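First residue of the sequence shown: 42, per the numbering used here; consecutive thereafter. Beta carbons: idealized from backbone N, C-alpha and C, even for Gly. None of these values were measured; they are calculated from a predicted model. Below is one structure; the comments refer to it alone.
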Amino acid sequence: MNIGWNGAVKPAEEAVISVYDHGFLYGMGLFETFRTYKGSPFLLERHLDRLTDGCRSLGIRYQADADTVRSWLRELMRANGLEEAYVRLTVTAGAGELGLPLEDYTKPDALLLVKALPAVDERLYEQGRELALLQTRRNTPEGDVRLKSLHYMNNIIAKRELLSLGASPGTEGLMLTSEGWMAEGIVSNLFFAKRQVIYTPSVATGILPGITRQRVMELARAAGYEVVEGLFGWERLIEADEVWVTNSIQELVPVTRLRDQQGLVHTVNHAGAGPLYKLLLAAYRQETASSQI
Numbered sequence: 042m043n044i045g046w047n048g049a050v051k052p053a054e055e056a057v058i059s060v061y062d063h064g065f066l067y068g069m070g071l072f073e074t075f076r077t078y079k080g081s082p083f084l085l086e087r088h089l090d091r092l093t094d095g096c097r098s099l100g101i102r103y104q105a106d107a108d109t110v111r112s113w114l115r116e117l118m119r120a121n122g123l124e125e126a127y128v129r130l131t132v133t134a135g136a137g138e139l140g141l142p143l144e145d146y147t148k149p150d151a152l153l154l155v156k157a158l159p160a161v162d163e164r165l166y167e168q169g170r171e172l173a174l175l176q177t178r179r180n181t182p183e184g185d186v187r188l189k190s191l192h193y194m195n196n197i198i199a200k201r202e203l204l205s206l207g208a209s210p211g212t213e214g215l216m217l218t219s220e221g222w223m224a225e226g227i228v229s230n231l232f233f234a235k236r237q238v239i240y241t242p243s244v245a246t247g248i249l250p251g252i253t254r255q256r257v258m259e260l261a262r263a264a265g266y267e268v269v270e271g272l273f274g275w276e277r278l279i280e281a282d283e284v285w286v287t288n289s290i291q292e293l294v295p296v297t298r299l300r301d302q303q304g305l306v307h308t309v310n311h312a313g314a315g316p317l318y319k320l321l322l323a324a325y326r327q328e329t330a331s332s333q334i
């Protein structure tokens, strides 16, 4: 497997990160996950803006250029024989002294990884998936707003809990805040609708402000729907007309079954995708279809 390493493409075994890298020692690093359509990364500028802003807040001097990343990604995909790709761009702080830093990180490392997009049965977008309420609480962000950082233990603990429940393949887990408000999925943001109003947990709950989440809100408002960000309890999902989750790889996926911590399952919208969800998925896919290299 070939990988991207500081703008170049090389075999994975040739890329070496120092044991003194503060990404390894202290989790000082960020990443973005996105995918391609027609070989082109979708919403790349938004991902890079979030990455750059996050690096600035951590004192990591990294400025991403969209055209450079596109060219780098095309080269890497060719080297791995991929026409489409699941992409992860990671920026780690770079090597430093043992101990907390006294100044900015001036020599970060950038790592570009790709793999084939996971196979998805299109029936998923009609029949939906299950969403299981977890006991694992969403931790609070390290700063004012959650960054897509290398501090991923909370998500991994949540994933281990989901697996321990014996959940069916494809089930997503939902974390609450310590106060009991719905936050987000292990790898997704949450939406629900009631009487033609769309709701999504506020960034104030400590969720990652997802790129796909933001675009879906924009598409909904452009279509004339009210979108409300706020603090909501699990019971709001039970009462919802429609529920769906979003991420950059799987786009929008309907939730048609809700499982509480006692194992009771509630069916959403007669176990099928709802009309508002279908409208937004179509709008989103119309944009991705026009994505060009």
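(request) Use the C-beta contact count for E283: other C-beta atoms within 10 angstroms, 16 or more gives buried, fewer gives exposed. (result) By the 10 Å Cβ count, E283 comes out buried.
(request) State the Cα-Cα distance for the pair R119 and A160, rounded to the nearest angstrom. (result) R119 and A160: Cα-Cα distance of roughly 20 Å.
(request) Using three-state DSSP, classify R236 as helix, strand or coil. (result) In the structure shown, R236 sits in coil (DSSP, three-state: anything other than H, G, I, E or B).
(request) Return no unless some Cβ of chain C is closer than 8 Å to the Cβ of A263. (result) In the structure shown, chain C does not exist; there is a single protein chain.
(request) Could you spell out where the alpha helix (DSSP H) holding G95 opens and where it closes? (result) First-last of the alpha helix (DSSP H) with G95: 85 to 99.
(request) Would you mind working out which of Y67, T131, Y78 sits nearest T93, comparing C-alpha positions? (result) Of Y67, T131, Y78, the residue nearest in Cα terms is T131.
(request) Using alpha carbons as the reference points, say which of E144, I198, L152, G214 lies closest to L114. (result) It is L152.
(message) Here's the rule I'm using: 16 or more other beta-carbon atoms within 10 Å means buried, otherwise exposed. How should V110 be labelled?
(response) Note on V110: 16 or more other CB atoms within 10 angstroms of its CB, so buried under the neighbour-count rule.
(message) For V228, tell me which candidate among N43, D145, A199 has the shortest Cα-Cα distance.
(response) Ranking the options by Cα distance to V228, first place goes to A199.
(message) Taking the straight line between their C-alpha atoms, what separation do you get for R274 and K79?
(response) Checking the displayed sequence, the identity of residue 274 turns out to be Gly instead of Arg. Straight-line measurement puts the Cα of K79 at about 39 Å from the Cα of G274.
(message) When you compare the CB positions of P213 and L249, do they come within less than 8 Å of one another, or not?
(response) What sits at residue 213 in the sequence shown is Glu, not Pro. No, Cβ-Cβ distance for E213 and L249 is not below 8 Å.
(message) Among E144, G64, L154, whose alpha-carbon lies nearest the alpha-carbon of E54?
(response) The candidate whose alpha carbon is nearest that of E54 is L154.
(message) Am I right that G169 and H63 are in contact with their C-beta atoms under 8 Å? What's the rounded C-beta distance?
(response) The Cβ separation is near 41 Å, so there is no contact.
(message) So within the segment 96 to 146, which uninterrupted alpha helix (DSSP H) runs reach at least 4 residues, ignoring any that extend past its ends?
(response) Listed in chain order, the alpha helix (DSSP H) runs fully inside the segment 96 to 146 are 107 to 120, counting runs of at least 4 residues.
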